[in-house]
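Colleague: Below you will find the structure I want to go over with you.
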């Protein structure tokens with residue numbers, strides 16, 4: 766096995782072990798020892814890739830963004846100048862914003878409580894900026910294909926969508942919170958906003 770393949774396999778294994786532990790224990794009590802035991806990797810092997818569990822949590826956030834972006838790009842490739850199919854894909858992904866049990870939401874809420882720590886602040890900043898960048902990229906792609914009007918301000922609209930998505934994620938962690946505005950409403954709002 767080549768070194769790059771081994772690296773990808775190990776990082777995938779670490780990510781899956783971390784997500785499983787998040788689902789079982791939550792973020793607060795997971796230790797690097799837990800991750801070592803679950804992944805069956807040595808301390809040295811793990812610390813070759815990351816310095817802390819915060820970096821592993823960053824991987825969870827990164828995976829979520831990258832997966833959504835990759836799927837969106839695939840839909841655009843397959844359906845060319847269509848608005849509907851890529852938008853339907855995003856709408857399906859929006860449902861996860863309201864899932865309090867999703868690893869992404871659990872990690873995000875945990876990290877928001879530790880934003881005073883420089884390493885955590887950096888993870889949060891990168892997640893936010895990357896979310897806005899992908900959102901803007903999707904809008905610009907739609908404009909380039911002629912399915913989103915050029916009059917839509919890609920910068921402001923992208924940031925608005927990310928702010929609303931973060932709000933849905935935060936609300937998901939509040940037990941029994943009233944939900945007059947749901948992920949379905951968010952999808953309709955996004956679709957309507959992008960049609961101009």
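Residue numbers (my numbering): 766 to 961.
Beta carbons are placed, not taken as given, at the ideal position from N, Cα and C, and that holds for glycine.
Using CA coordinates, which residue listed in 914, 839 and 949 is at the minimum distance from residue 929?
Modeller: Of 914, 839 and 949, the residue nearest in Cα terms is 949.
Colleague: Using a Cβ-Cβ distance under 7 Å, would residue 805 count as near chain D?
Modeller: Among the protein chains of the structure shown there is no chain D, as only one such chain exists.
Colleague: Cβ of residue 956 within 7 Å of Cβ of residue 926?
Modeller: No.
Colleague: If we ignore side chains and look at the alpha-carbon of each, how far apart do residue 890 and residue 932 end up?
Modeller: Roughly 16 Å separates the two Cα atoms.
Colleague: If you draw a straight line from the alpha carbon of residue 939 to that of residue 866, how long is it in whole angstroms?
Modeller: Cα to Cα, residue 939 sits roughly 12 Å from residue 866.
Colleague: Once DSSP output is grouped into helix, strand and coil, what is the label at residue 888?
Modeller: It is helical.
Colleague: Go ahead and pull the three-state DSSP assignment for residue 848.
Modeller: Note: residue 848 maps to coil in three-state DSSP.
Colleague: Let me know if residue 790 comes out buried or exposed under the rule of 16 or more other beta-carbons within 10 Å of its beta-carbon.
Modeller: Classification of residue 790: exposed, given that the 10 Å Cβ count is below 16.
Colleague: Please list the terminal residues of the continuous alpha helix (DSSP H) segment that includes residue 787.
Modeller: First-last of the alpha helix (DSSP H) with residue 787: 768-790.
Colleague: Report, in whole angstroms, the separation of the C-beta atoms of residue 854 and residue 836, which I expect to be a contact under 8 Å.
Modeller: Rounded, the Cβ-Cβ distance is 6 Å, consistent with contact.
Colleague: Can you tell me whether DSSP reads residue 960 as helix, strand or coil?
Modeller: Residue state, collapsed to three classes: coil.
Colleague: Is it buried or exposed for residue 934, if we count other Cβ within 10 angstroms and need 16 for buried?
Modeller: The residue is buried, with at least 16 neighbouring Cβ atoms inside 10 Å.
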